[in-house]
Structure formats: C-alpha cells, structure tokens
Amino acid sequence: MELLARWEKHISAIHFMKINERKHHLLTKSGCAIFIFSMALLASPLNATAAILYEDDFTYDSSINRLPLPAPWVSNWAEQWLEGGWLHNQDNDGWPRDSQALLHDNDPAWRNYEVRARIEVLGPTWTWANLLLRTQAYSSASGTNTGKAYQLVFMDHASGVIGNGPVNRVVLYNTDCENNNCTLTELTDTPLNLGHRGPFDVAVRLEGGQIALSVDGSLIFDIQDPEPLYYGGIGIHNIWESHAHYDNFQVSSVPLPAALPLFASAFFTLGFIGRKYRRQESGVGDTFRRILENGRTGERL
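Residue 85 in numbering that gives the first Met the number 0 sits at position 86 of the sequence shown; the count goes up by one each step and never skips.
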C-alpha cells in the first residue's frame, strides 16, 4: 500500500507538470491567435472597395427629344424611353397594362449590392413607382405574371386605394409568381410623408437577407427577410398607365470586409488549439485513472 501511495503521488506530480506545460503552450498559441484577431480588427474598416456594377445618368444627345431604351436594359412591357436626361416608364400601348424593364435579370453574379437612383412620379394618373430588386426571370403585367423579385413600391395610399397625391408610403414585397399565381409577402409597409411626388433620391442596400432603405439621406427601414431572394438583377415597373421617370442609377457591390481572411484564420487557430488541448488533457487523465485503478486491483495495464 505504501508503494501504491508513493506511485499515486509520483503520477500526480507528472500529471500536474504536463497539464501546466500544455497550458503554457495553449497560452502561447492563443496569444498568436489573439494577435491575428487584433490585426483583423485593425484591418476591418472595409478597406475593400465597392465595385461599380452599373452606372448611368441617361445624358445623351440633347438634340433628339426622345431616345429608345439603352442597352443593357431589356423591356418586358412597353414603353420606356429617354427624354430630358431621364429614363421614362409608362404603358402607352393598351392591354396588357403595366410597363416594365429589367437590367441583368436572373444574374447569379448580382447578389449583395446597393442601388442608388433618383425617382419622380409624373402626370395626373396614379402615384406609383416600383423599383425591382434581385429579379429572377420576373415579368409582371395585367393578367400575366412569372418569376421572382423584390418590389419596392413608392405610392400614394392615403385613402386606402392607390391615389394621385404625394408619396406617403413605401412597401416592400417579396414576390413569387408561377403560372400567373403570385405570392406577395409584405416585408414592411412604412409611412413616407414626402409631401410631393419627387424627385427624391433612394439608396437600397441588400446584403444576404438584410435590406435597408434610405430616402434623401434618411434611413427609412432596415429589415431582415427570413426567406430571402439571394441574387438577381434590378428593374423598374409602373402599374397600369402610371408614369414615372428615373435617373442617376448606380449599382455597386457590397464588399466583404478586407479582414475577413484574418478573422477566419484567428477563429480557426483558437478552435484548433482548444480542441487539441482538451484531447491531450483528456488523454493524460485517462492514463492516470487507468494506472490507479489497475494498481489497486493488481491488474496489469
């Protein structure tokens, strides 16, 4: 028994030294990981620059009063034209009603981006201007609807129906249409009392399921779509014979932080060290436990 007690004391001392040694290594390596993490924090102020995906102010030959829709825009439903430095959108050809044009529709490379534009509603008809986002084979007109898109609608809805007064609401829909059957998920219906029909400047940012809108420099909403559309182009849409024009379009990518690789490296290092340390400590403890149990029973290891 005296020999066994002496052996237990010896093994305990070895176990204690090994754990301290490994803790020292853990602290040293953790220090390296924390250093990497700190460098990532210093590098993180979005040094990655946003790439311009598309830009146009629609300033063309002023001697021509009316120009056709410029590429790479594609008209789904007429009619679009350039006039006075603006891109106009209005249905002028009867049934089916509505007018729509798309840019980079269904493009998988267009994922996280910010759209800036100037919008103004014109004419005596309905106050309605619809900015389409992350369009996926989307086409919408009276009696024919297919595809998916976000619809960001600026409207007059003061009386409970679409009116022709100042813009007073902005509504965001996640729209999913198949064979003319559409599911419109309303993500937000937010008051927007501009007191006029424009022009007003919008900036909408899409990053994963996060969607944020600013109008004339003021944040209007910042929401999370639990079932987002992840990619697609942009477009303009006007209901029935409503008339709006658009200007100063700019689409820019939302860049990943320049420090993202450093963050990943730091987290990987910390996780690996913690896992390795736990495994090693567990191994020493198991061996120590087996020695004591077998020593007391007289069994061999």
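From the three backbone atoms N, C-alpha and C, an ideal C-beta is built for every residue, glycine too. For clarity, every value in this text was computed on a predicted model and none was experimentally measured.
Whole-angstrom distance between residue j and residue i, CA atom to CA atom
i: valine 120; j: valine 73; result: 21 Å
i: threonine 184; j: valine 152; result: 13 Å
i: alanine 50; j: serine 158; result: 42 Å
i: serine 138; j: isoleucine 235; result: 11 Å
i: isoleucine 222; j: glutamine 209; result: 6 Å
i: phenylalanine 248; j: glutamate 113; result: 11 Å
i: aspartate 224; j: arginine 96; result: 30 Å
i: tryptophan 239; j: serine 252; result: 32 Å
i: histidine 242; j: arginine 65; result: 16 Å
i: leucine 26; j: leucine 171; result: Per-residue confidence for leucine 26 stands at a pLDDT of 45, beneath the threshold of 50, marking its modelled position as unreliable; the derived number appears in the next sentence. Spanning the two alpha carbons is a distance of roughly 50 Å.
i: threonine 182; j: alanine 148; result: 11 Å
i: leucine 132; j: leucine 101; result: 10 Å
i: leucine 218; j: asparagine 167; result: 15 Å
i: tryptophan 76; j: glycine 146; result: 15 Å
i: asparagine 178; j: phenylalanine 220; result: 32 Å
i: proline 190; j: serine 62; result: 41 Å
i: proline 69; j: valine 250; result: 16 Å
i: threonine 48; j: alanine 140; result: 38 Å
i: asparagine 163; j: aspartate 60; result: 32 Å
i: isoleucine 161; j: arginine 115; result: 25 Å
Which listed residue (the options) has its alpha carbon closest to that of residue i
i: glutamate 78; options: Pro69, Gly84, Gln89 and Asp56; result: Gln89
i: glycine 84; options: Asp97, Asn91, Pro67 and Arg96; result: Pro67
i: glycine 216; options: Asn163, Tyr230, Phe199 and Val170; result: Phe199
i: leucine 81; options: Ala202, Trp127, Asp55 and Arg96; result: Asp55
i: cysteine 176; options: Val170, Leu193 and Gln150; result: Gln150
i: glutamine 99; options: His87, Leu52, Gly231 and Trp109; result: His87
i: leucine 228; options: Glu206, Leu218 and Thr189; result: Glu206
i: glycine 231; options: Met154, Ala136, Thr182 and Leu191; result: Ala136
i: arginine 303; options: Asp104, Leu132, Thr145 and Arg117; result: As shown, the chain starts at 0 and ends at 300. That puts residue 303 outside it, with no answer to give.
i: asparagine 173; options: His103, Ile233 and Leu186; result: Leu186
i: valine 169; options: Ser141, Asp104, Pro107 and Asn129; result: Asn129
i: proline 254; options: Pro165, Gly162 and Trp109; result: Trp109
i: alanine 233; options: Glu226, Gly164, Val203 and Gly122; result: What sits at residue 233 in the sequence shown is isoleucine, not alanine. Minimum Cα distance to isoleucine 233 is reached at Val203.
i: asparagine 192; options: Val214, Asn178, Asn179 and Asn180; result: Val214
Local conformation of residue i per DSSP, three classes
i: histidine 156; result: coil
i: tryptophan 239; result: coil
i: proline 175; result: According to the sequence provided, residue 175 is aspartate. The question's proline does not apply to it. Aspartate 175: strand per DSSP, three-state reduction.
i: leucine 26; result: At leucine 26 the pLDDT is 45, less than 50, meaning the model places this residue with poor confidence; the figure from the coordinates comes in the next sentence. In the structure shown, leucine 26 sits in a helix (DSSP, three-state: H, G or I).
i: asparagine 111; result: coil
i: tyrosine 230; result: coil
i: glycine 146; result: strand
i: aspartate 90; result: coil
i: tyrosine 59; result: coil
i: asparagine 192; result: coil
i: tryptophan 72; result: coil
i: aspartate 200; result: strand
i: threonine 187; result: strand
i: glutamate 166; result: Residue 166 is actually valine in this sequence, not glutamate. Here valine 166 sits in coil by DSSP.
Those residues which DSSP pairs with residue i across a bridge
i: glutamine 223; result: Gln209
i: proline 67; result: Trp80
i: arginine 117; result: Asp200 and Asp246
i: leucine 218; result: Ser213
i: asparagine 180; result: Glu177
i: arginine 96; result: Note: arginine 96 sits in no beta bridge, so no partner.
Residue range of the unbroken beta strand (DSSP E) whose run includes residue i
i: tyrosine 53; result: 51-55
i: serine 139; result: 127-140
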